[in-house]
Amino acid sequence: MTESLEILQIPCLQDNYGYLIHAPQAQLTAAIDTPDASAINDALDSRGWALTHILNTHHHFDHTGGNESLKAQWGCKIVGPAADRSRIPGIDTALADGDVYDFGGHHASVFDVPGHTRGHIAYHFADDGVAFVGDTLFALGCGRLFEGTPAQMWTSLEKLLALPDATRVYCAHEYTEANARFALTVDPQNDALRDRAVKISEMRARGEPTVPTSIGLERRTNPFLRPSSESLRRTLDMLDASDVEVFAEVRARKDRF
Ligand code: ZN
Ligand code: FE
């Protein structure tokens, strides 16, 4: 039997989370994105792990900024989105929708989730019940549409919504408290959201991370995942619109919030 992945969460920069995942039997360690090489090196030191891989989600500098120095230092292998191969520094292996990446016996299903950037992938380790989603899905939010359309992003989010509710979701930023303030403006009747917003404020006041979240919790409370909700539609006065239209309106309101 495969021992579960060990996951280390690393606060980086202003509000990023980097992650290390460690496969104990194979003795492999990957950084999920590289927001800050020195913070990642400190985390490796704290466990006595050697960096063997970098798994990138997308090209933005707060996700790939440490790629080249970490590769020079460790000789690690860099894996990232095929659709953005040319913008991932040091990439060795390009992955696309439907690929399965074997990380020391832990298998990650790869999803193309464009919208935030044109090449963005998510990694789902089904046996471990975890997903690394970069800047596609946040706790109570989703990524800004820098290089994609609302329809693309909605399709991407639907792929993540198809994962089991218990899936632990590791997002790349701690944006939850601000996201909660916005979410309450578009889904004010949602009791689960109101309860969660209170808990989030308490957690942040204690300096605790609100990530990871879960697919089930996001399904119930994240307005970007709830375009079919009648009460949310009523608030937006969009009862007859399509899910994509409602999603686009929620995204546009958040951009102005
Ligand atoms: Zn980004
Ligand atoms: Fe980011």
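All residue numbers for the sequence shown refer to this note's numbering, where the first residue is 120 and numbers rise by one. Ideal placement from N, C-alpha and C gives every residue a C-beta, glycine not left out.
A contact is defined here as three or more CB-CB pairs under 8 angstroms, and the segment 224-236 meets this definition with respect to the segment 271-280. DSSP lists His225 as the bridge partner or partners of Phe222. With 5 angstroms as the limit between CB and the heavy atoms of the ligand ZN, the residues that fall short of it are His179 and Asp254. Within 6 angstroms of the C-beta of Ala291 there is at least one heavy atom belonging to the ligand FE.
Set against 6 angstroms, the gap from the CB of Asp181 to the closest heavy atom of the ligand FE is smaller.
Excluding sequence positions up to five before and after Asn341, its CB lies within less than 6 angstroms of the CB of Leu259, all in the same chain and listed in chain order. Using a Cβ-Cβ distance cut-off of 8 angstroms, the segment 291-298 and the segment 251-266 are in contact, since at least three pairs of beta carbons, one from each stretch, lie closer than that value. Runs of the beta strand (DSSP E) lying entirely within the segment 204-275 and spanning at least 3 residues, in chain order: 212-214, 219-222, 225-231, 240-244 and 249-253. Burial is judged here by how many other beta carbons sit within 10 angstroms of a residue's own beta carbon; Gly253 has at least 16 and is buried. One thing to note: Asp374 has its Cβ no nearer than 7 angstroms to the Cβ of Gly335.
Relative to Arg338, the option among Thr121, Thr148, Lys278 and Ser157 whose CA is nearest is Lys278. Within 10 angstroms of the beta-carbon of Arg315 lie 16 or more other beta-carbons, which makes it buried. Per DSSP, Val363 is one residue of the alpha helix (DSSP H) stretching across Asp362 to Arg375. Under the Cβ criterion (8 angstroms, minimum of three pairs), the segment 239-252 counts as touching the segment 213-230. In the three-state reduction of the DSSP assignment, Asn341 falls in the coil class. Counted as a single uninterrupted DSSP element, the alpha helix (DSSP H) harbouring Glu187 occupies residues Asn186 to Trp193.
Taking a contact as a CB-CB distance under 8 angstroms, the pair Leu127 and Asp155 does not count as one, their CB atoms being some 14 angstroms apart. The way I'd put it, the segment 134-153 does touch the segment 179-193; three or more beta-carbon pairs between them come closer than 8 angstroms. By the 16-neighbour rule on beta-carbons within 10 angstroms, Glu293 is buried. In the DSSP assignment, Glu125 falls within the beta strand (DSSP E) that extends over Glu125 to Cys131. For Ser165, the secondary structure class from DSSP, reduced to helix, strand or coil, is helix. The C-beta separation of Thr236 from Glu266 comes to about 5 angstroms, placing the pair in contact by the 8 angstroms criterion.
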